[in-house]
Structure formats: structure tokens, C-alpha cells
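Everything on this sheet refers to the single structure shown next.
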Ligand SMILES: NC(=O)c1ccc[n+]([C@@H]2O[C@H](COP(=O)([O-])OP(=O)(O)OC[C@H]3O[C@@H](n4cnc5c(N)ncnc54)[C@H](OP(=O)(O)O)[C@@H]3O)[C@@H](O)[C@H]2O)c1
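Numbering (this note's numbering), first residue to last: 21 to 250.
Structure, rendered in C-alpha cells:
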């Protein structure tokens, strides 16, 4: 298997929540972006909600483009991009406006249940797609395809809690780098660092690799994740 090394990079409140909207201090986006660059990933992966909210992919996508059935096989519009921005979008909801962000090529991870029309829309936009399963996403398969087909070796997993929880639960998060901000959140329904839907496959031990106080009382914690359950 050609699975990339997966590093999860996030900002949280002291209580582990990740919805930055409404926080008492501005999210330190420069610190986050510098950490993102320093990790030297060749791709980053987010959930459907994060892409929709933070990357201008909400709203209705263009219907009526399919001229016939489209085979359920992975489709790559680009294979030599300078980087890849990947979203888990099982039902085909994202309204992609373009095929890249800052030169990083967009890739959608879909279920085979999406419509022909949605696949035609992705092709028209030049967004690559891979199939992750019939309904649930099989992350072992997805990571293998990303490594094998696109040569991705270091993948940054960047939220939200839903997708982080899914990849963690599947046993594929190798490292965790978290900026803990000096604030509380407390909203019961706000997403957290890891939100696992479905069967919980256990807690994971962490090995602390480093801890630093960055500016303004922000604490940076870097861990190796043990994927031995227990
Ligand atoms: N603080 C930070 O560092 C940080 C970083 C990133 C994001 N965020 C915030 O996090 C919030 C979003 O978090 P979220 O947890 O609500 O959403 P999310 O993780 O961005 O997306 C969750 C969605 O991804 C799809 N998904 C995830 N796991 C799946 C699986 N195993 N199988 C199939 N589909 C799967 C599902 O899409 P469907 O519902 O379409 O099936 C699910 O609803 C945003 O407000 C964002 O701003 C914060």
C-alpha cells in the first residue's frame, strides 16, 4: 500500500472545539498558514462542510451537463500539480467554482451513488474525482489511491472534526499538531478536534514530540499518534 504519511493540523479552544467563528480572539491564521507551509505536505484534505464554508463552494451546482451514463471510475484532470486540495464529499454537494486554489488542484472524494450529472459537472469544472466507496468512505482505499495515482507522500488533514474523526477512527492519523488558543468555547454542538460518527474504534495514545508557547499565549503541541488501539 502506498498510503501517505498523515499529519493533522488544527487550532482549538482549551476545550478542544474548532469552530473559530464567534471566538473571543481572532484565529491566528498567519501562525496556522506558516505551520501548514513548514509541514511541507504535498496535499491537504478537508471535509465537505469545511470546504463549503471556508473555500467558497456553497450553493447550487450547474445541472444538465451529462449527455449519458458516466462510468464509476476515478478521473484525474491533472497528475502533476504543485499540490492537491482534497475534499470528502460523499453525496456530491460541493459547488466547485474552479479546478484549483493557488495552483493546488482540487480533488473530490465521492461515493458511487452520486449522479451522472454531478460527475459531468466536475469534469466540466476540471475537478478530479475518486470513488471512496458505495456510501461510507473507505479511507484505506482513498489514501492508497492518492499515494499511487497522484504520488502524494505527506498529507495534511485539516478538519473539521468530522473528517478528522473519520480518519483517526480508521487508524490513519500519524501525527497531530495542534495550536491551543487561550480561550474557552463551551458550545455543546460545536465541532471538536475529533468527532467520530458510527462505531468508535477506541482511544489512541499520543507521544509528545514537542511543546512550545508561541505568541500571545498560544500553545503548540506536536504528537506522534499510536495506532495500536487501547
Ligand atoms: N479550527 C480549525 O483549525 C479548523 C480547521 C478546519 C475546519 N474548521 C471548522 O470546522 C467546521 C466544520 O467541521 P465539521 O466537523 O462540521 O465538518 P467537516 O469535517 O468539514 O465535514 C464533515 C463532512 O465530511 C463528510 N465526511 C466526513 N467523514 C466521512 C466519512 N467517513 N464518510 C463519508 N463522508 C464523510 C460528510 O459529508 P456529508 O454530510 O456531505 O455526507 C460530513 O458531514 C467548520 O466550521 C470549519 O470552519 C476549523
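Yeah, the Cβ is synthetic: ideal placement off N, Cα and C, and Gly gets one too.
Q. So does residue 40 have its beta carbon nearer than 6 angstroms to some heavy atom of ligand 1?
A. Here residue 40 corresponds to residue number 20 of the chain shown, with the count starting at 1. Yes, the Cβ of residue 40 comes within 6 angstroms of a heavy atom of ligand 1.
Q | Selected residue, minimal CA-CA separation from residue 109, among 26, 78, 36 and 211 | A | Mapped onto the chain shown, residue 109 falls at position 89. Of 26, 78, 36 and 211, the residue nearest in Cα terms is 78.
Q. If you compare alpha carbons, which of 166, 71, 88 and 32 is closest to residue 138?
A. For the purposes of this step, residue 138 is taken as the residue at position 118 of the chain shown. Comparing Cα-Cα distances from residue 138 to each of 166, 71, 88 and 32, the minimum goes to 88.
Q: Compare the Cα-Cα distances from residue 189 to each of 204, 221 and 167 and report the closest residue.
A: Start at 1 with the first residue of the chain shown, and residue 189 comes out as number 169. With distances taken between Cα atoms, residue 189 lies closest to 221.
Q: Classify residue 51 as helix, strand or coil using the three-state DSSP reduction.
A: On the chain shown, residue 51 is found 31 positions in, with the first residue counted as 1. Residue state, collapsed to three classes: helix.
Q. Are the beta-carbon atoms of residue 48 and residue 167 separated by less than 7 angstroms?
A. As a first step, residue 48 is located in the chain shown; it is residue number 28 there, counting from the start. As a first step, residue 167 is located in the chain shown; it is residue number 147 there, counting from the start. Not closer than 7 angstroms, so no.
Q | Chain-order list of residues whose beta-carbon lies under 7 angstroms from that of residue 112 (same chain, five-residue window excluded) | A | Counting from 1 along the chain shown, the entry for residue 112 is found at position 92. Correct list, in chain order: 130, 134, 135 and 138.
Q. Ligand 1 heavy atoms versus the CB of residue 48: any closer than 6 angstroms?
A. Counting from one through the chain shown, the residue named residue 48 turns up at place 28. No, the Cβ of residue 48 stays beyond 6 angstroms of every heavy atom of ligand 1.
Q) According to DSSP, what are the bridge partners of residue 56? A) By one-based count along the chain shown, residue 56 stands at place 36. Looking at the DSSP assignment, residue 56 forms no beta bridge with any residue, so it has no partner.
Q.
So, at 8 angstroms on beta carbons, what are the nonlocal neighbours of residue 55 in its own chain, with the 5 sequence-adjacent residues on each side left out?
A. As a working note, residue 55 is residue 35 in the chain shown. Excluding residues within five positions, the ones whose Cβ falls inside 8 angstroms are 29, 197, 199 and 240.
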